[in-house]
Amino acid sequence: MRIASFNVNGIGARLPRLLDWLAEAKPDVVCLQEIKTETARFPFDAIEDAGYHALVHGQKGFNGVAILSREPAEEVGRTLAGNDGDEQSRWIEAEVGGIHICGLYLPNGNPVPGPKFDYKLDWMDRLAARAAALLASERPIVLAGDWNVCPTDHDVARPDMMAEDALCRPESRARFRALVASGWTDAIRARHPHAEVYTYWDYQAGAWAKNWGLRIDHLLLSPAAADRMLDAGIDRDVRAGERASDHVPVWVDLAG
DNA sequence: ATGGTCGGGAACCGA
């Protein structure tokens with residue numbers, strides 16, 4: 145069972161690229177981030193024609209997440225507890241094929257310091273609380289998405305340029321590290337412990353051509369899911385396509 | 001050197 149995550153950066157502009165990738169990669173489940181559209185405007189017909197069901201938590205213009213799946217998914221929720229005033233569409237949870245899937249789009253948090261960074265750190269604390277509750281279930285769980293956290297300097301091409309960025313700040317990294325230490329497996333890093341792996345290259349300044357990338361899209365596995373991991377990787381070639389997203393898909397294969 | 005490039009949606013904001 146292949147479970148993937150892909151920040152498409154606008155489903156409207158990216159639909160042809162997404163359909164190409166679905167046909168080629170044939171994932172069983174895909175968490176999408178930054179669809180940047182209202183739920184009602186999601187291209188359900190095109191996704192269904194491609195063979196996928198869709199659970200969509202949209203938002204006009206910004207954010208927005210979805211879970212695509214070959215077999216129907218049962219939605220569990222679309223809010224991350226802990227802030228009733230949070231209007232941003234960044235979370236969706238579902239059961240698919242015996243796996244508990246959480247699709248997340250973690251706040252960027254720039255500039256630092258400021259209210260956006262405070263929101264990011266608070267969001268990470270809320271995520272940690274939900275993750276702890278899920279972990280206690282001892283079920284196979286995947287936390288999949290754009291985490292907007294670059295876990296270590298090994299995960300960024302130009303750590304000197306990014307040192308003050310919210311994606312690399314110690315406050316962000318400490319929360320990510322604590323989450324992993326609480327019992328989750330960072331699937332990509334577990335399968336590629338020493339390799340240079342990036343999942344995002346900025347549109348600006350020729351970052352792709354210079355391979356100035358970041359690893360910020362992650363798949364965290366509960367122990368029951370990690371026990372079933374066969375492989376994990378990224379589809380790097382997607383970044384080179386016409387009208388590409390600035391992120392590439394990441395995926396994990398679980399036995400069964 | 002404070003740029004450089006996208007998407008959404010119609011002037012900028014967010015990344």
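In the numbering used here, the protein residues as written are 145 to 400. From the three backbone atoms N, C-alpha and C, an ideal C-beta is built for every residue, glycine too.
Beta-ladder partner(s) of residue i, from DSSP
i                 : result
tryptophan 165    : DSSP output for tryptophan 165 lists no bridge partner at all.
phenylalanine 150 : Leu176
glycine 221       : Glu237
valine 256        : For valine 256, which the question treats as bridged, DSSP gives no partner whatsoever.
valine 341        : Answer is none; valine 341 lacks a bridge partner.
leucine 159       : DSSP output for leucine 159 lists no bridge partner at all.
histidine 244     : Glu239 and Ile285
histidine 201     : Val209
DSSP state of residue i mapped onto helix, strand, coil
i                 : result
leucine 97        : The question about residue 97 has no answer, for the chain in this structure spans 145 to 400.
alanine 210       : strand
alanine 194       : coil
phenylalanine 188 : helix
threonine 183     : helix
Which listed residue (the options) has its alpha carbon closest to that of residue i
i                 : options                           : result
alanine 376       : Ala334, Ala368, Pro367 and Gly400 : Ala334
phenylalanine 213 : Ile285, Arg359, Lys264 and Gly195 : Contrary to the premise, residue 213 reads as serine rather than phenylalanine in this sequence. Checked all of Ile285, Arg359, Lys264 and Gly195; the closest Cα to serine 213 is Gly195.
serine 233        : Gly327, Pro284 and Pro251         : Pro251
arginine 372      : Arg283, Gly154 and Glu168         : Arg283
glycine 385       : Ala339, Ser316, Ala399 and Val152 : Val152
aspartate 346     : Asp304, Asp379, His362 and His391 : His391
methionine 145    : Met305, Asp172 and Ala370         : Asp172
isoleucine 245    : His201, Leu287 and Asp330         : Leu287
threonine 296     : Pro314, Gly289, Ala184 and Ala280 : Pro314
histidine 201     : Arg161, Pro160, Leu159 and Tyr249 : Tyr249
arginine 270      : Ala190, Asp230, Val396 and Leu159 : Asp230
aspartate 299     : Ile243, Thr343 and Ala184         : Thr343
alanine 276       : Ser366, Trp235 and Leu374         : Ser366
alanine 135       : Leu279, Ala301 and Ala399         : No answer is possible for residue 135: the residues shown for the chain start at 145 and end at 400.
alanine 307       : Ala351, Pro259, Glu215 and Asn254 : Asn254
arginine 222      : Val341, Ala238 and Glu215         : Ala238
glutamate 182     : Asp304, Ala210 and Asp193         : Ala210
leucine 398       : Asp379, Gly241, Lys260 and Asp266 : Gly241
With 16 other Cβ atoms within 10 Å as the buried cut-off, status of residue i
i                 : result
lysine 180        : buried
alanine 273       : exposed
arginine 319      : buried
asparagine 338    : Before going further, note that residue 338 is histidine rather than asparagine in the sequence given. Exposed, by the Cβ-count rule.
lysine 170        : exposed
arginine 387      : exposed
leucine 199       : buried
glycine 247       : buried
lysine 264        : buried
glutamine 203     : buried
arginine 383      : buried
proline 393       : buried
phenylalanine 206 : exposed
methionine 268    : buried
asparagine 292    : buried
serine 402        : Since the first and last residues shown for the chain are 145 and 400, residue 402 lies out of range.
serine 281        : exposed
glutamate 218     : exposed
The ligand SAH heavy atom lying under 7 Å from the CB of residue i
i           : result
alanine 399 : What this structure holds is no ligand at all, so the ligand SAH is not there to describe.
>> My parser needs the beta strand (DSSP E) runs of 3 or more residues fully inside the region 261 to 331; what are they?
In response: If we require 3 residues or more, the beta strand (DSSP E) runs fully inside the region 261 to 331 come out as 285 to 290.
> Which runs of the beta strand (DSSP E), 3 residues or longer, sit entirely within the region 349 to 399?
Replying inline: Listed in chain order, they are 361 to 365, 373 to 378 and 394 to 398.
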